[in-house]
Structure formats: structure tokens, C-alpha cells
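Accompanying notes for the structure given below.
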Amino acid sequence: MSPAEFEATLKADNFGEIVPVERPAGYAMGEHTHTFDACALITSGEFTLQVNGVSTTYAAGDIFRLSAGTPHHESAGPAGATYLAGRREMGAS
358 MSPAEFEATL KADNFGEIVP VERPAGYAMG EHTHTFDACA LITSGEFTLQ VNGVSTTYAA
418 GDIFRLSAGT PHHESAGPAG ATYLAGRREM GAS
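FYI, the numbering for the sequence shown is 358 to 450, going by this note's numbering.
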């Protein structure tokens, strides 16, 4: 999916502004939650999410979705990660 297709899909699904995010090599954040649904398209590098003890690594071209309130860990690969991210606030549908 191209970045333009990704953005159009998220906007049609009531996600807000789509923003580019850069995470440096070695980035890691311990367990936390968000108050919004998240969806991202990896554009370079690798990004890993750990949910319920299961780690999934996403590479360029992969898309991940994370529901609001889901406890998770996140980290970037050895070359860092860049992605386009959208948020859908609670109550938006």
C-alpha cells in the first residue's frame, strides 16, 4: 500500500491527521497504553510491538493496528524506524 493509499484508508476510517514519526536506533519504550486507536505504515527500518508477551516485528511496507487501551511495549530496530501514524480518538467511528 502506498503512503497516499494508507492515508486515504485511515481518513475514511475516521482517523485524524496522519503524521510521520522517526524512532532512532535503540529506541525502546516500556509497557504503556494509549487513549486512542493507532495505525501505522512502516516506511523504513523495523519496529517491534510486544502485546500479551508476543513480539511482532514490522518492516517497510507493513501496517500495524493497536486498539486504545492495549498494554504494549515498543522498540525500533538497529537502523531505527520511520512510519506514518494515524490516531482515532475514543468515540470516533
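Positions of the beta carbon are idealized from the N, C-alpha and C atoms, including for glycine.
Contacting residues, own chain, Cβ-Cβ under 7 Å from residue i (five flanking each side not counted)
i    : result
A425 : H391, T392, F393, D394 and M447
Cβ-based neighbour list, residue i, same chain, cut-off 6 Å, excluding 5 preceding and 5 following
i    : result
T414 : E403 and T405
Cα-Cα separation, residue i to residue j
i    : j    : result
E388 : V411 : 13 Å
L441 : I375 : 6 Å
R445 : N409 : 22 Å
P428 : Q407 : 9 Å
Integer Cβ distance of residue i from residue j, believed to fall under 8 Å
i    : j    : result
E379 : G437 : 7 Å
V398 : M358 : What sits at residue 398 in the sequence shown is Leu, not Val. Indeed they touch by this definition, with Cβ atoms about 7 Å apart.
P435 : A382 : 6 Å
T366 : S401 : About 20 Å separates the two Cβ atoms, so there is no contact after all.
Environment of residue i [buried if 16+ CB atoms lie within 10 Å]
i    : result
A369 : exposed
A433 : buried
A373 : The residue you asked about is not Ala; residue 373 is Gly in the sequence shown. Under this definition G373 is an exposed residue.
G418 : exposed
Terminal residues of the alpha helix (DSSP H) in which residue i lies
i    : result
F372 : First-last for F372: undefined, no H or E at that position.
C-beta neighbour in chain D for residue i, strict 9 Å
i    : result
T405 : Here chain D cannot be found, since the structure has a single protein chain.
Limits of the beta strand (DSSP E) - the one that residue i falls within
i    : result
T405 : F393 to V408
H386 : Checking the displayed sequence, the identity of residue 386 turns out to be Met instead of His. Per DSSP, M386 belongs to the beta strand (DSSP E) from A385 to H389.
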